[in-house]
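Structure record follows, encoded as structure tokens.
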Amino acid sequence: MQLWFWTSLVSALHFYADANEEKCFSEDLPANTHIVGGYKLELWDNSVNDFQEHNAGQLQISVYSSVSNHYLLQMKGSNKGKYRFTSTDSGDHQVCFKILTQGWFNTRAKVFLDVQYGEEDESEYENQERSIYSGLTFRIKDLVNRVRTMRQEFQSQRSLEAEYRSASESANTSILRWTILQWVVLGLTCVWQLRQLKTFFVAKKLV
Numbered sequence: 119m120q121l122w123f124w125t126s127l128v129s130a131l132h133f134y135a136d137a138n139e140e141k142c143f144s145e146d147l148p149a150n151t152h153i154v155g156g157y158k159l160e161l162w163d164n165s166v167n168d169f170q171e172h173n174a175g176q177l178q179i180s181v182y183s184s185v186s187n188h189y190l191l192q193m194k195g196s197n198k199g200k201y202r203f204t205s206t207d208s209g210d211h212q213v214c215f216k217i218l219t220q221g222w223f224n225t226r227a228k229v230f231l232d233v234q235y236g237e238e239d240e241s242e243y244e245n246q247e248r249s250i251y252s253g254l255t256f257r258i259k260d261l262v263n264r265v266r267t268m269r270q271e272f273q274s275q276r277s278l279e280a281e282y283r284s285a286s287e288s289a290n291t292s293i294l295r296w297t298i299l300q301w302v303v304l305g306l307t308c309v310w311q312l313r314q315l316k317t318f319f320v321a322k323k324l325v
């Protein structure tokens, strides 16, 4: 089945599927095309004889590139949410939806799709990347600030150590000078006392 809704920037459609049934759509997408799709799953409720939202329903989504032969997306979502992928090659892509139910909801389902691609989706990706980059930038700035703070603390510690070393050397020099001065004074005092004793002895004619 051809996905005609890819040809517009924003399109919506719905399809029906049985529980555990997989519906696949094919589309020729250009390379590097960003796709964001919103979905809502409703299950048939016999009590109201209509489709209703139920948490018992889940949607399994897969996107397969027939060009590169690999999956671009494989996910399982709740009864409503979003999916996104980027085509890596130009060519055929298979987008598949599988209805998963729990409990007694083994019944028919209705799936609503709202698909966006192009500049709007690219802007959303850019906003997400900008948010991620902002978070990384904040962490890097925080790390730089911590390193700068540690460097400042280290420099402050080195400055304090230099001041302590200078004060210690100055104190040691002062102590050494004071000790030498005391020895000099003590020596001069001894010489003076000896001369006084010699003069006394000479005056008393004891020598």
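The numbering used here puts the first residue of the sequence shown at 119, with every later residue one more than the last.
We put the beta carbon where it would ideally sit given N, CA and C, even for glycine.
Please read these numbers as outputs of a predicted model, since none were measured by experiment.
Exercise for the section: Confirm, please, whether the CB-CB distance from Leu177 to His211 is below 9 Å. Expected result: No. Outside cutoff.
Handout entry: Beta-carbon proximity of Ala227 to Phe169, cut-off 9 Å
Key = Yes.
Problem - Beta carbon of Leu131 nearer than 9 Å to that of Phe215 - result: No, the Cβ-Cβ distance between Leu131 and Phe215 is not below 9 Å.
Handout entry: Contact belief for Thr225 with Trp162 at Cβ below 8 Å, rounded distance in angstroms
Key = Right, the Cβ-Cβ distance comes to about 5 Å (below 8 Å), so this counts as a contact.
Practice task
Compute the distance between the beta-carbons of Ile258 and Ala135, then report whether it is under 9 Å.
Solution key: It is not a contact, given that the beta carbons lie outside the stated cut-off.
Handout entry: Per-residue DSSP class, three states only, for Val166
Key = In this structure, Val166 counts as coil in the three-state DSSP scheme.
Practice task
Starting from Leu161, follow its DSSP beta bridges and name the residues at the other end.
Solution key: Here Leu161 is bridged, per DSSP, to Gln170, Ala227.
Exercise for the section: Apply the 10 Å Cβ neighbour rule to Gln300 and answer buried if 16 or more other Cβ atoms are within range, or exposed otherwise. Expected result: Counting Cβ neighbours within 10 Å, Gln300 comes out exposed, since fewer than 16 surround it.
Handout entry: Start and end residues, beta strand (DSSP E) containing Thr219
Key = According to the DSSP assignment, Thr219 belongs to the beta strand (DSSP E) that extends over 209-219.
Problem - Sequence-distant residues of the same chain with beta carbon closer than 7 Å to Phe203, five excluded per side - result: Closer than 7 Å at Cβ, skipping near neighbours: Ile153, Val181, Leu190, Leu191.
Practice task
Please work out which residues of its chain come closer than 7 Å, Cβ to Cβ, to Phe133, disregarding the five sequence neighbours upstream and downstream, and give them in chain order.
Solution key: Result list for Phe133: Lys141, Val229, in chain order.
Exercise for the section: Check whether the Cβ atoms of Asp260 and Gly209 sit closer than 9 Å, and answer yes or no. Expected result: Using a Cβ distance threshold of 9 Å, Asp260 and Gly209 do not count as a contacting pair.
Handout entry: Pro414 versus Asn197, Asn187, Ser205, residue with shortest Cα-Cα distance
Key = An answer regarding residue 414 cannot be provided, because it is not within the stretch 119 to 325 covered by the chain.
Problem - Local Cβ density within 10 Å of Val262, reported as buried at 16 or more and exposed below that - result: Taking a 10 Å sphere around the C-beta of Val262, we find fewer than 16 other C-beta atoms and assign the residue as exposed.
Exercise for the section: Mark Glu160 as exposed unless 16 or more other C-beta atoms lie within 10 angstroms of its C-beta, in which case mark it buried. Expected result: Flag for Glu160 reads buried.
Problem - Supposed close pair Asn173, Asn197 - CB separation, criterion 8 Å - result: The pair is a contact, with the Cβ atoms about 6 Å apart (cut-off 8 Å).
Handout entry: According to DSSP, residues forming a beta bridge with Gln178
Key = Checking the DSSP bridge columns, you'll see Gln178 partnered with Lys194, Lys216.
Practice task
Put Thr255 into one of helix, strand or coil per three-state DSSP.
Solution key: Thr255 carries a helical assignment under DSSP once its states are collapsed to helix, strand and coil.
Handout entry: Where Glu238 falls, given that 16 or more other Cβ within 10 Å makes a residue buried
Key = Residue placement at Glu238 is flagged as unreliable, the pLDDT there being 43, under the threshold of 50; the coordinate-derived value follows with that caveat. Glu238 should be labelled exposed.
Problem - DSSP three-state assignment for Glu140, whether helix, strand or coil - result: Three-state DSSP puts Glu140 in a strand.
Handout entry: Beta-bridge pairing of Ser183 - partner residues as DSSP gives them
Key = Its beta-bridge partners are His188, His211.
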